[in-house]
Amino acid sequence: MDQSKIKEAKTKWAQSDPGLAKVAPRHTDWGDPVEKLYTPADVSEQDYLEQLGFPGEHPFARGVYPSMYLGRPWTVRQYSGYDSPKDTNARFRYLLEQGQTGLSVAFDLPTQIGYDSDHPMSAGEVGKVGVPVDTLEDMEVIFEGLPLDKLSTSMTINAPSAIMLAMYVSIGKKQGLEPKVLRGTLQNDVLKEYTVRGTYIFPPKPSIRLVTDIFEYCSKNVPRFNTINVAGYHMREAGCSAVQEIAFAFSNAIAYIEAGLEAGLDIDKFAPRISWIFNTNNKIFEEVAKYRAARRIWAELLRDRFGAKDPRSCMLRFHTQTSGASLTAQQPLNNVVRVAYQTLAAVLAGAQSIAACSYDEALSLPTEESVRTSLRTQQILREETGVTDTIDPMGGSYYMEALTNQLYARIKELMAEVEEMGGAVEAIENGFVQKEIERRAYETQKEVERGEQVVVGVNKYAIDEEEKDVLAEANPQAEQEQIQRLQALRSRRSQDQVDQALAALRQTAQGDGNLMPIIIAAVEAYASLGEICGVLREVFGEYQPVRTI
Amino acid sequence: MSKRIRVLAAKPGLDGHDRGIKVVCAGLKDAGMEVIYTGLRQTPAAIVATALQEDVDVIALSTLSGAHNQHLPLVAQLLREKDAQHILLVAGGIVPPQDRATLKQQGVKEVFGPGTTMTQIAEFIRANVSLS
């Protein structure tokens, strides 16, 4: 087909209805204009095999596995963690009975920041946003009766990842399982904690050392564990665009890869275990295109820049969660619809694993009913709608391919900008990433307040609502009970063993040996997470945030 | 010319969700106020000490981790102990309605929930602040 003829015909079409010329220009999330209509002329330059290829083949734009959902549907992995290890165990059993296929553990803030439940900074925070873990005993309770060889467990833990992995390996041993059979994911992405999520402990250098120690330990001992879950999710929640989400996450990942290579690791030994968590937001087509472009960029980066030979190193396998920040406290049932559309986008994009938010999240911790509705949202998509009947169903849409190409270019531009500054660590330490995200969050808020960006039920179609008391309140006794459990354990364990384990930890931390075996010995002596992090705080120091306001 | 309103914005406790507070800081600055932001992981004692040192008119706390009943009443109590009740204490974030009522009795003048605009917050501060 002659492209110029198509362009000519398009011009004619555009003039055929005078109304068309009056339509206000539309823009993508990242600010590029959207055409009123896409035609083959918009994708005429596309080289199918080079830029898209087949599922399971370089550059994986259409999907990372040859059979995608035809072979195996995505993993349904709802995020949960309740105020005590015992309640968390009960919730996990419930979710597995209801057809969930993987676990995802939310930890409370003291655990994420490396404080024991009885530390003064933990007051009021124990068991609030997830489960508290002070010692191996808590993890034993969380996973009681759950055979680890039949599960995959994702743990949203960053700075103390090495300790949580050590505990998981130890529970496996207690169940008679070798580490090599364990499957799961550590978030372990501390760079985004500095920019948006806030659960950092140590400065970048020792933090990245912990990451590479995990890479090395797992490549030898726990080969089926995803050692890191690089996160675009939280930056997007904090307000950045789709382009920034991918570009900043990829830049962070490059920093981890370079550290791994500097530590002498072979790219193909650790790159296949890098996994991802991204944010699937409201703009359905843009979100699908985002993932298609991201898969291609990642594959090219790993092959061409890092010399990966193993195709698995080049595969962008990702988990996605729908956007919590897009949900509203007003008319909460509207969130069921938002979550369903976002989940649809994730499925059209070929996600490996999905968590659908609960409709009451903007109000409180989710109830059992709202969690079940999220689970059913995924099951309805999977089993009733036919969206899994063919691979990459959006592929070949002129609009989708044009968007994919545009995102590919925009993401690479921003990655080059970060690279120019000296990479992710530099761009974080000079405040660039934080300021970019903050600026855009503020712009978005102003657009919402001016009514330019519609939020149904908030700045449009609002109604008078009576506020309901929140039923799903956390157990008010949880904090005291957890502290009592911890203190009882402290008096029961062998203090000599703990002291020895912590002394060994200090020595290794001061040197450059791999910390994993030492941390495993410490957790098995029932040293607490706070004690282990305390030693590491003394040796490594604590991160001092960059001021951007 | 009237004195500019000075606001201390702070994140008490361990919560890292700071999108909201940062947006509010920018909004209040654009509304003509002076804003000092403490950053994350502030104890009530540190917040009140900074407020007194900086001679602010308003303390704006942000909390989304569910620990509001721990930190907010402590800030209010410390303000009373330091005889600094002239400082307007407001909060924002995810706070269930039943807790909001209790916090107001304890000295938090207003708790802004999700969907509140920057304009509403600025107007509330102007209407309720007592400038020293």
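Line by line, the protein sequences give chains A and B. Oh and the first sequence: position 400 is 400 in my numbering, straight run, nothing missing. Oh and the second sequence: position 48 is 1048 in my numbering, straight run, nothing missing. From the three backbone atoms N, C-alpha and C, an ideal C-beta is built for every residue, glycine too. Computed from a prediction, not measured in an experiment: that's the story for all the values here.
Over the uninterrupted beta strand (DSSP E) stretch that includes residue i, give me the two end residues.
| i | result |
| --- | --- |
| histidine 319/A | 318 to 322 |
| glycine 1092/B | 1088 to 1093 |
| proline 1013/B | The question names proline, yet the displayed sequence has glycine at residue 1013/B. Premise fails: glycine 1013/B is in no beta strand (DSSP E) and is neither H nor E. |
| tyrosine 1037/B | 1034 to 1037 |
| alanine 106/A | 103 to 106 |
Within 10 angstroms of the Cβ of residue i, are there 16 or more other Cβ atoms? Answer buried if so, exposed if not.
| i | result |
| --- | --- |
| lysine 192/A | buried |
| leucine 49/A | exposed |
| tyrosine 217/A | buried |
| valine 418/A | buried |
| glycine 264/A | exposed |
| glycine 395/A | buried |
| glutamate 361/A | buried |
| alanine 1101/B | exposed |
| lysine 1147/B | Only positions 1001 to 1132 of chain B appear in the structure, and residue 1147/B is not among them; the question remains open. |
| leucine 381/A | buried |
| tryptophan 13/A | exposed |
So which residues on chain A does residue i lean against when the C-beta distance must stay under 7 Å?
| i | result |
| --- | --- |
| serine 1065/B | Leu109, Glu125, Lys128 and Val129 |
| glycine 1115/B | Thr328, Ala329, Gln330 and Val458 |
Any beta carbon from chain B within less than 7 Å of residue i's own beta carbon?
| i | result |
| --- | --- |
| glutamate 300/A | no |
| valine 230/A | no |
| arginine 338/A | no |
| tyrosine 359/A | no |
| proline 545/A | yes |
| serine 104/A | no |
| glutamine 484/A | no |
| glycine 422/A | no |
| tyrosine 408/A | no |
| valine 458/A | yes |
| glutamate 137/A | no |
| glutamine 445/A | yes |
| isoleucine 277/A | no |
| isoleucine 428/A | no |
Between residue i and residue j, which are expected to be in contact by the criterion C-beta below 8 Å, what is the C-beta distance as a whole number of angstroms?
| i | j | result |
| --- | --- | --- |
| tyrosine 442/A | alanine 1026/B | 5 Å |
| alanine 345/A | glutamine 321/A | 12 Å between Cβ atoms; not a contact. |
| asparagine 252/A | threonine 185/A | Going by Cβ atoms, the distance from asparagine 252/A to threonine 185/A rounds to 16 Å, so no, they are not a contact pair. |
| phenylalanine 285/A | glutamate 245/A | Incorrect: roughly 16 Å between the Cβ atoms, too far for contact. |
| lysine 139/A | threonine 195/A | Sequence inspection shows methionine at residue 139/A; the lysine mentioned does not correspond to that position. Rounded, the Cβ-Cβ distance is 29 Å, inconsistent with contact. |
| valine 523/A | isoleucine 163/A | 6 Å |
| glycine 53/A | isoleucine 391/A | Actually they do not touch by this definition, with Cβ atoms about 12 Å apart. |
| alanine 1010/B | leucine 1061/B | 6 Å |
| glutamine 100/A | leucine 375/A | 6 Å |
| glycine 260/A | phenylalanine 215/A | 5 Å |
| alanine 437/A | cysteine 240/A | Note that residue 437/A corresponds to isoleucine in the displayed sequence, not to alanine. Contact flag correct, Cβ pair sits at about 5 Å. |
| proline 558/A | leucine 529/A | This structure gives no information on residue 558/A, because the portion of chain A shown stretches from 1 to 549. |
| threonine 135/A | alanine 293/A | With a Cβ gap of about 44 Å, threonine 135/A and alanine 293/A do not count as contacting. |
Between which two residues does the alpha helix (DSSP H) carrying residue i extend?
| i | result |
| --- | --- |
| asparagine 89/A | 85 to 97 |
| tryptophan 13/A | 3 to 16 |
| tryptophan 298/A | 284 to 300 |
| alanine 24/A | Per DSSP, alanine 24/A belongs to no alpha helix (DSSP H) and is neither H nor E. |
| isoleucine 1125/B | 1118 to 1128 |
| alanine 1060/B | Premise fails: alanine 1060/B lies in the beta strand (DSSP E), 1058 to 1063, not in any alpha helix (DSSP H). |
| alanine 329/A | Run containing alanine 329/A: none; DSSP gives neither H nor E here. |
| leucine 52/A | It is not in any alpha helix (DSSP H) - leucine 52/A carries neither H nor E in the DSSP assignment. |
| leucine 1072/B | 1068 to 1081 |
List the residues of chain A whose Cβ lies closer than 9 Å to the Cβ of residue i, in chain order.
| i | result |
| --- | --- |
| proline 1073/B | Ordered by position in chain A, no residue passes the 9 Å Cβ test against proline 1073/B, which lies about 10 Å from the chain. |
| threonine 1119/B | Glu449 |
If you measure from the beta carbon of residue i to each beta carbon in chain A, is any gap under 7 Å?
| i | result |
| --- | --- |
| lysine 1022/B | yes |
| alanine 1127/B | no |
| alanine 1026/B | yes |
| proline 1044/B | no |
| glutamine 1070/B | yes |
What residues from chain B crowd round residue i, counting only those whose CB sits closer than 8 Å?
| i | result |
| --- | --- |
| tyrosine 526/A | In chain order: nothing, as chain B lies at least about 24 Å away. |
| alanine 441/A | Arg1019, Lys1022 and Val1023 |
| alanine 362/A | Ile1094 and Pro1114 |
Show which residues of chain B have a CB atom less than 7 Å away from the CB atom of residue i.
| i | result |
| --- | --- |
| glycine 198/A | Gly1016, Asp1018 and Leu1040 |
| glutamate 573/A | An answer regarding residue 573/A cannot be provided, because it is not within the stretch 1 to 549 covered by chain A. |
| glycine 239/A | Arg1019 |
| isoleucine 549/A | Lys1022, Cys1025 and Tyr1037 |
| isoleucine 113/A | Leu1014 |
So which residues of chain B does residue i contact, with C-beta pairs closer than 9 Å?
| i | result |
| --- | --- |
| methionine 121/A | Gly1013, Leu1014, Arg1041 and Thr1043 |
| glutamate 452/A | Simply none; closest approach about 13 Å. |
| alanine 478/A | Per Cβ cutoff of 9 Å: no residues; alanine 478/A is ~11 Å from chain B at best. |
| glutamate 465/A | In chain order: nothing, as chain B lies at least about 11 Å away. |
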